[in-house]
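Asker: Listed in order, the protein sequences are those of chains A and B.
With the working numbering applied, the first sequence covers -11 to 261.
With the working numbering applied, the second sequence covers 3 to 401.
Each residue gets a CB set at the ideal place from its N, CA and C atoms; glycine is no exception.
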Amino acid sequence: MLKHPMLKYLKESGPHGTRLPLIMCPGCGVGQVLNYTLHAVDSIIKEGGANKEDFVFISGVGCSSRLTSHYLNFDSGWTIHGRALAIATGVLLANPDLNIVVFTGDGDAAAIGGNHFIHAFRRNINVTVICMNNGLYGMTGGQVAPTTLSQAVTSTTPYGNIEDAFDLCRLAQSSGASYVARWTTAHPHKTIKAIKKAICKKGAAFIEILSQCPVHKKQTPVDMIRALKAMTVPIKNAEGSSKIPVGEFCDTPRPEWTQKYEAIIEKCAGRKS
Amino acid sequence: MSGAPLEKKQDGTGPAALISSGRHYLEGSEACVEGALIAGLKVYGGYPITPASEIMEHAARRLPMVGGRFIQMEDEISAACTLVGASWAGGKAMTATSGPGFSLMQETISFSIMTETPLVIVDVQRPGPGQGYITTSQEDVMQARWGHHGEGPIIALAPSSVQDMFDFTIEAFNLSETWRTPVLIMAEETVAHMREGLFVPDLDQIKVVLRKKPQDLGIAPQDYQPYGHDLVPPLADFGDGYNINHVSLAHHPDGNVANYNLDMHRKNIDRLHDKIEGNADVIARTESRFLEDCEHLLICYGTVARTGLEAIMEARETHGIKIGFLRLVTLWPFPQSLLRKRIKKVGTIFVPEMNLGMMMHPITEALRDRCDQVVSIPSIGALHSPEALLEKIREVVKC
């Protein structure tokens, strides 16, 4: 039987039964993002850029965070809501040679994890953050998120959202990220390229992927993916447009946290008190 | 469990950078960090809070000297979280905080119990609730056991001297690696800021425990179950090639999520409970004096054990009161069967604590049929003086 080329990176089954298919609802964008990420990782491994055991995947809680859990045939941690970046910071400090990829959602990253989000980019720790932004809390029933567009009706904004949405890319960029890009699930090749570039860079990289939640938005996946294309515009043409810019927001390498700390270790090595 | 080799490394980050054996004069906070370094501390994630900041400041100075890494995080939540990540990547990790920060760390403590993650948290207790006060306290001893959500047993130690701050920190790391679980050091402002003599034995005489790893047991990556194999499952580090999936949702031994399988979850919770509570006699320690002839008993922990012992000596020598002394070295798991083995029958059990009576509850539960009464001697924000304790003892025993 023909198998999906990325299946080798997943745990299909174990002593306690099958693990696939993923729990995501039909038409969800999260599975697409997993596919794109694994393509990027596969390409890096094939080119000799890193070994499979050098990768660590960390996530928080929410639909997108279910990607690590028990599915990945990699080292991984499915952690606490909002805390993926704090835990990733600890992984990095104990072993700076690892390639850490953080899967997160918009609620996980920007609401409960908002403080960790800005500080991770300020510190410029060597992680790649892949944020699946569907503009709501999917797992808990479609509640409003800090990324929900103004006026949108959700299960907790039945009369329309009176708050404005965060622009996560601008937030990451102004916090000090080395690399920031936004794409959508409707842009597979661009997304794979951006993820690969982000992982290969030393420093904090942020990839936002606008993603569809057909269940809570009550639309068909095809319509939603078409809409993602229609509502976005390449960043170079974004001036004066009301559409959401996609593309690279910044690519400005600066010294990474553990690189700078290394100088302190060298200075202090062997001192007694 | 074998002792860790403290080999000297090429870069000079071996024992040369550790505290030398012999006599020292240190603050409790410093002794805590020096003990941690000997235990193999590699990562410290911290957040400032009075009266625990000195531990963090000393860690910031000392860690790079041994090739470890220190980071000051944005809050206590993330500080505790860094320990989880560091531990998964194979680095021994600790933090220190006080009441308000300890509250914020409960989320990580619960998570670490379920994911069986070794790490050490020091709570330098101050009085609460709220911001409370910044003197000394034992008001978090119940939070240590019951503050985190869910059925999660915990190990917690109560130091009473600078020597304890050194010894217990090493012991805390050893316990966390042995039992693959978070360990709490329930220190007090008194003991963290106390400055007194410390004796450091020869470094090669100090027992340092390393976690059991699947590769040590001959378990191949494809056969590895992160929550299986044994009562204490072996723990693979990130980067070892074991494709470990850490999961805190109800899970099977192999890390596969146990959806709609309450039996599996119950089995796991029972194992977590057995691991710690079932080994309370192995894990928990007490210290005692004058139990042979005692008609009354004083049970205490932390620095209260020092004023408590002084009061008892005075009561025995000057007033002829036959009172015994028992110190809970380990608060949790509560050494219930140890207490019942050692205490046969006494009149009054006095329990002085720097709270309104917290550990007196499990003490009463353990010994209600072994005594006439349990008398709490509370204190808020200050250590009891030996005189105050003696007065209370004399008042009750009418001597």
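Less than 8 Å separating the beta-carbons of ASN87 (chain A) and ALA38 (chain A)?
Answerer: Stepping through the first sequence from its first residue, residue 87 (chain A) is reached at position 99. Stepping through the first sequence from its first residue, residue 38 (chain A) is reached at position 50. Cβ atoms of ASN87 (chain A) and ALA38 (chain A): closer than 8 Å.
Asker: Below 7 Å CB to CB, which residues in the same chain sit around THR350 (chain B) once its five sequence neighbours on both sides are set aside?
Answerer: To locate residue 350 (chain B), count along the second sequence from 1; it is residue 348. Correct list, in chain order: HIS298, CYS373, ASP374, GLN375, VAL377, VAL398 and VAL399.
Asker: Does any CB atom of chain A fall closer than 8 Å to the CB of CYS373 (chain B)?
Answerer: Taking the second sequence and counting its residues from 1, the one referred to as residue 373 (chain B) is at position 371. Not closer than 8 Å to any Cβ of chain A, the Cβ of CYS373 (chain B) fails to qualify, so no.
Asker: What does the Cβ neighbour count give for MET3 (chain B), buried or exposed, with the cut at 16 atoms within 10 Å?
Answerer: In the second sequence, the residue the question calls residue 3 (chain B) occupies position 1. Confidence at MET3 (chain B) is low in this model, with a pLDDT of 31, below 50, so its placement is unreliable and the value that follows should be read with caution. It is exposed - the Cβ of MET3 (chain B) has fewer than 16 other Cβ atoms within 10 Å.
Asker: Can you pull the chain B neighbours of PHE62 (chain A), defined as C-beta to C-beta under 8 Å?
Answerer: Position 74 of the first sequence, counting from 1, holds the residue named residue 62 (chain A). Under the 8 Å cutoff, chain B gives ASN245.
Asker: Do the CB positions of ALA140 (chain A) and GLY130 (chain A) come within less than 8 Å of each other?
Answerer: Position 152 of the first sequence holds residue 140 (chain A). Position 142 of the first sequence holds residue 130 (chain A). Not a contact, by the Cβ cut-off of 8 Å.
Asker: Shortest alpha-carbon distance to ILE100 (chain A) belongs to which of A:LEU73, A:ASN112 and A:ASN114?
Answerer: Taking the first residue of the first sequence as position 1, residue 100 (chain A) is located at position 112. Of A:LEU73, A:ASN112 and A:ASN114, the residue nearest in Cα terms is A:LEU73.
Asker: Could you tell me the distance, in whole angstroms, from the CA atom of VAL21 (chain A) to the CA atom of LEU85 (chain B)?
Answerer: Your numbering for residue 21 (chain A) matches position 33 in the first sequence. Your numbering for residue 85 (chain B) matches position 83 in the second sequence. When rounded, the distance between both Cα atoms is 29 Å.
Asker: Less than 8 Å between the CB atoms is what I'm expecting for CYS51 (chain A) and MET127 (chain A), so what's the real figure, rounded?
Answerer: Start at 1 with the first residue of the first sequence, and residue 51 (chain A) comes out as number 63. Start at 1 with the first residue of the first sequence, and residue 127 (chain A) comes out as number 139. That pair is a contact at about 5 Å.
Asker: Starting from TYR46 (chain B), follow its DSSP beta bridges and name the residues at the other end.
Answerer: For the purposes of this step, residue 46 (chain B) is taken as residue 44 along the second sequence, with counting starting at 1. B:PHE72 and B:MET96, per the DSSP bridge assignment.
Asker: To which residues does DSSP link GLN127 (chain B) through a beta bridge?
Answerer: Here residue 127 (chain B) corresponds to residue number 125 of the second sequence, with the count starting at 1. Bridge partners of GLN127 (chain B): B:GLU190.
Asker: Output the distance between the C-alpha atoms of ILE271 (chain B) and ILE278 (chain B), rounded to the nearest integer angstrom.
Answerer: Working through the second sequence from its first residue, we reach residue 271 (chain B) at position 269. Working through the second sequence from its first residue, we reach residue 278 (chain B) at position 276. Cα to Cα, ILE271 (chain B) sits roughly 11 Å from ILE278 (chain B).
Asker: Going along the chain, which residues of the segment 75 to 93 of chain A sit with their C-beta nearer than 8 Å to a C-beta in chain B?
Answerer: From the segment 75 to 93 of chain A, only ILE75, ALA76, THR77, GLY78, VAL79, LEU80, LEU81, ALA82, ASN83, ASP85 and LEU86 have a Cβ closer than 8 Å to chain B.
Asker: Going by DSSP, which residues form a beta bridge with ILE68 (chain A)?
Answerer: The residue given as residue 68 (chain A) occupies position 80 in the first sequence. For ILE68 (chain A), which the question treats as bridged, DSSP gives no partner whatsoever.
Asker: Suppose the cutoff is 6 Å on Cβ atoms and the five residues either side in sequence are ignored; what does the same chain contact list for CYS13 (chain A) look like?
Answerer: The residue labelled residue 13 (chain A) in the question sits at position 25 within the first sequence. VAL203.
Asker: Mind pulling the chain B residues with CB within less than 8 Å of PHE57 (chain A)?
Answerer: Residue numbering aside, residue 57 (chain A) sits at position 69 when the first sequence is read from its first letter. According to the sequence as given, residue 57 (chain A) is Ser; it is not Phe. The answer, in chain order, is ASN247, VAL249, LEU251 and VAL259.
Asker: Does DSSP put ASN121 (chain A) in a helix, in a strand, or in coil?
Answerer: Start at 1 with the first residue of the first sequence, and residue 121 (chain A) comes out as number 133. ASN121 (chain A): strand per DSSP, three-state reduction.
Asker: For a test of the three-state rule: what should DSSP assign to HIS(-8) (chain A), helix, strand or coil?
Answerer: Locating residue -8 (chain A) in the first sequence gives position 4, counting from the first residue. Coil.
Asker: Please list, in chain order, the chain A residues whose beta carbon lies closer than 9 Å to that of ALA41 (chain B).
Answerer: Against the second sequence, residue 41 (chain B) aligns to sequence position 39. In chain order: nothing, as chain A lies at least about 15 Å away.
Asker: When the cut-off is 8 Å and only beta carbons count, does VAL86 (chain B) lie next to chain C?
Answerer: Chain labels in this structure do not include chain C; the protein chains are A and B.
Asker: Can at least three beta-carbon pairs, one atom from the segment 184 to 195 of chain B and one from the segment 132 to 146 of chain B, be found at a separation below 8 Å?
Answerer: With a cut-off of 8 Å, the segment 132 to 146 of chain B and the segment 184 to 195 of chain B count as touching, because enough Cβ pairs lie within range.
Asker: When you compare only the Cα positions, how much space is there between GLN338 (chain B) and ILE323 (chain B)?
Answerer: Stepping through the second sequence from its first residue, residue 338 (chain B) is reached at position 336. Stepping through the second sequence from its first residue, residue 323 (chain B) is reached at position 321. Cα-Cα distance, rounded: 26 Å.
Asker: For GLU9 (chain B), would you say it is in contact with chain A, using Cβ-to-Cβ distances shorter than 8 Å as the test?
Answerer: To locate residue 9 (chain B), count along the second sequence from 1; it is residue 7. In this prediction, GLU9 (chain B) has a pLDDT of 42, which is less than 50 and means its spatial position is unreliable; nothing more can be read from the coordinates.
Asker: Counting along the chain, where does the beta strand (DSSP E) carrying TYR27 (chain B) start and finish?
Answerer: Locating residue 27 (chain B) in the second sequence gives position 25, where the first residue counts as 1. Where TYR27 (chain B) is concerned, the enclosing beta strand (DSSP E) stretches over 24 to 29.
Asker: On the criterion of 16 or more Cβ atoms from any shown chain inside 10 Å, does VAL210 (chain A) qualify as buried, or is it exposed?
Answerer: The residue you call residue 210 (chain A) lines up with position 222 of the first sequence. Exposed, since its Cβ has fewer than 16 Cβ neighbours within 10 Å.
Asker: At which residue ranges does the segment 282 to 330 of chain B contain complete alpha helix (DSSP H) runs of 4 or more residues, listed in the order of the chain?
Answerer: Counting whole runs of 4 or more residues, the segment 282 to 330 of chain B contains the alpha helix (DSSP H) stretches 282 to 285 and 306 to 321.
Asker: May I ask which residues mark the beginning and end of the beta strand (DSSP E) holding PHE45 (chain A)?
Answerer: Here residue 45 (chain A) refers to the residue found at position 57 of the first sequence. Taken as a continuous stretch (DSSP letters only), the beta strand (DSSP E) holding PHE45 (chain A) covers 43 to 47.
Asker: When DSSP labels each residue in this structure, what does ARG197 (chain B) get in the three-state scheme?
Answerer: In the second sequence, counting from the first residue as 1, residue 197 (chain B) sits at position 195. Looking at ARG197 (chain B) - three-state DSSP - the assignment turns out to be strand.
Asker: Would a check of beta-carbon distances place MET58 (chain B) closer than 8 Å to chain A?
Answerer: Against the second sequence, residue 58 (chain B) aligns to sequence position 56. False, the Cβ-Cβ gap to chain A never drops below 8 Å.
Asker: Mind checking who TRP263 (chain A) pairs with in its DSSP beta bridge?
Answerer: Residue 263 (chain A) cannot be examined here, being either before or after the span of chain A that is shown, -11 to 261.
Asker: For the alpha helix (DSSP H) holding PRO250 (chain A), just list the boundary residues, first then last.
Answerer: Stepping through the first sequence from its first residue, residue 250 (chain A) is reached at position 262. What sits at residue 250 (chain A) in the sequence shown is Glu, not Pro. That run of the alpha helix (DSSP H) goes 245 to 256.
Asker: CA-CA distance, PRO102 (chain B) and VAL124 (chain B)?
Answerer: Along the second sequence, one-based indexing puts residue 102 (chain B) at 100. Along the second sequence, one-based indexing puts residue 124 (chain B) at 122. Rounded to the nearest angstrom, the two C-alpha atoms are 13 Å apart.
Asker: Would you say the segment 56 to 65 of chain B touches the segment 25 to 41 of chain B, given that touching needs at least three Cβ pairs under 8 Å?
Answerer: Judged by Cβ distances under 8 Å, the segment 56 to 65 of chain B makes contact with the segment 25 to 41 of chain B, as three or more pairs qualify.
Asker: List the residues of chain B whose Cβ lies closer than 7 Å to the Cβ of PRO134 (chain A), in chain order.
Answerer: To locate residue 134 (chain A), count along the first sequence from 1; it is residue 146. Those do not exist, as PRO134 (chain A) stays about 18 Å from chain B at its closest Cβ, beyond 7 Å.
Asker: Just the C-alpha distance for THR135 (chain A) and GLU173 (chain B), rounded to the nearest angstrom, thanks.
Answerer: The residue you call residue 135 (chain A) lines up with position 147 of the first sequence. The residue you call residue 173 (chain B) lines up with position 171 of the second sequence. Rounded to whole angstroms, THR135 (chain A) to GLU173 (chain B) spans 47 Å at the Cα level.
Asker: According to DSSP, simplified to helix, strand and coil, what is VAL353 (chain B)?
Answerer: Walking along the second sequence from the start, residue 353 (chain B) turns up at place 351. Note: VAL353 (chain B) maps to strand in three-state DSSP.
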